[in-house]
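S.K.: Below you'll find the structure I mean.
Residue numbers (this note's numbering): 10 to 108.
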């Protein structure tokens, strides 16, 4: 991975923790389309902080407006639990009667 995408603590050879994942999220979201680029810039200011302790936690990101704009569009019928139930239902069908 190019060093420009790595968290500062990795580049500096310091100890690191799960905050490097938060930094990685900040790097990856640049390409997300989003309806409001201003919300994206606000999120960047939160995430791309030099000091890990200044970055938000994963729980903090759950309430971020930029991220929530994607979550609010999810259709309940597209949830993985529904898909799993549908797949299970299909596997329970006796396919020999279909021929």
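Note that CB positions come from ideal geometry on N, CA and C, so glycine has one too.
Exposed or buried, which one is residue 54 when buried takes at least 16 other CB atoms within 10 Å?
M.R.: exposed
S.K.: Out of 17, 28, 16 and 76, which one is the CA nearest neighbour of residue 48?
M.R.: 76
S.K.: Please tell me whether residue 48 has its Cβ less than 8 angstroms away from any Cβ of chain B.
M.R.: Judged by its chain identifiers, the structure shown contains no chain B, having just a single protein chain.
S.K.: When you compare each of 66, 16 and 38 to residue 79 by their alpha carbons, which one comes out closest?
M.R.: 38
S.K.: Residue range of the alpha helix (DSSP H) that residue 32 falls in?
M.R.: 28-37
S.K.: One question on the structure: do residue 65 and residue 18 come within less than 8 angstroms of each other, judged by their Cβ atoms?
M.R.: no
S.K.: For residue 57, which residues from the same chain have a beta carbon less than 6 angstroms from its beta carbon, with the 5 sequence-adjacent residues on both sides left out?
M.R.: 35
S.K.: Could you spell out the range, first to last residue, of the alpha helix (DSSP H) harbouring residue 18?
M.R.: 17-20
S.K.: Would you kindly check if the distance between the Cβ of residue 16 and the Cβ of residue 32 is under 8 angstroms?
M.R.: If you check the CB distance, residue 32 and residue 16 come in under 8 angstroms.
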